[in-house]
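Undergrad: Sharing a structure below in structure tokens format, with a few things to ask.
Residue numbers (our numbering): 18 to 115.
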């Protein structure tokens, strides 16, 4: 989903949407969208074995490099360091097949 998609869905121009969004939410729509993508990526890093590049694509980043940059800016660590630090034990449904 892009900012243009959000503006079109709201039946507003991109500029009007951005102004209104910022007034209502307190941050720009671009910053909000990145925050949502980073939050989703963090969840996937914690709960799956998917490669970083795959997670990046699923959450809307152009690639693993973009995810790495945004995650580092948000919390100061790489995706792999995040996964090692915050990953819980895999549930049986997420464990690799034997």
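Virtual Cβ for every residue (Gly too), placed ideally from N, Cα, C.
Any idea if residue 28 is buried or exposed, counting beta-carbon neighbours within 10 angstroms, 16 or more meaning buried?
TA: One-based indexing of the chain shown puts residue 28 at position 11. Exposed, by the Cβ-count rule.
Undergrad: Quick check: what's the CA-CA separation for residue 25 versus residue 18?
TA: One-based indexing of the chain shown puts residue 25 at position 8. One-based indexing of the chain shown puts residue 18 at position 1. Each residue's Cα considered, the two are about 11 Å apart.
Undergrad: Check for me: the alpha helix (DSSP H) holding residue 94 runs from which residue to which?
TA: In the chain shown, counting from the first residue as 1, residue 94 sits at position 77. Taken as a continuous stretch (DSSP letters only), residue 94 belongs to no alpha helix (DSSP H), as it is neither H nor E.
Undergrad: When you compare the CB positions of residue 85 and residue 96, do they come within less than 8 Å of one another, or not?
TA: Within the chain shown, residue 85 is the residue found at index 68, counting from 1. Within the chain shown, residue 96 is the residue found at index 79, counting from 1. Remark: C-beta atoms of residue 85 and residue 96 approach each other more closely than 8 Å.
Undergrad: Residue 87 and residue 51 look like a contact to me (Cβ under 8 Å); what is the Cβ gap, rounded to whole Å?
TA: Reading the chain shown from its first residue, position 70 is the one you call residue 87. Reading the chain shown from its first residue, position 34 is the one you call residue 51. That pair is a contact at about 6 Å.
Undergrad: Where are the beta strand (DSSP E) runs, 3 residues long or more, that stay fully inside the stretch 38-97, in chain order?
TA: none
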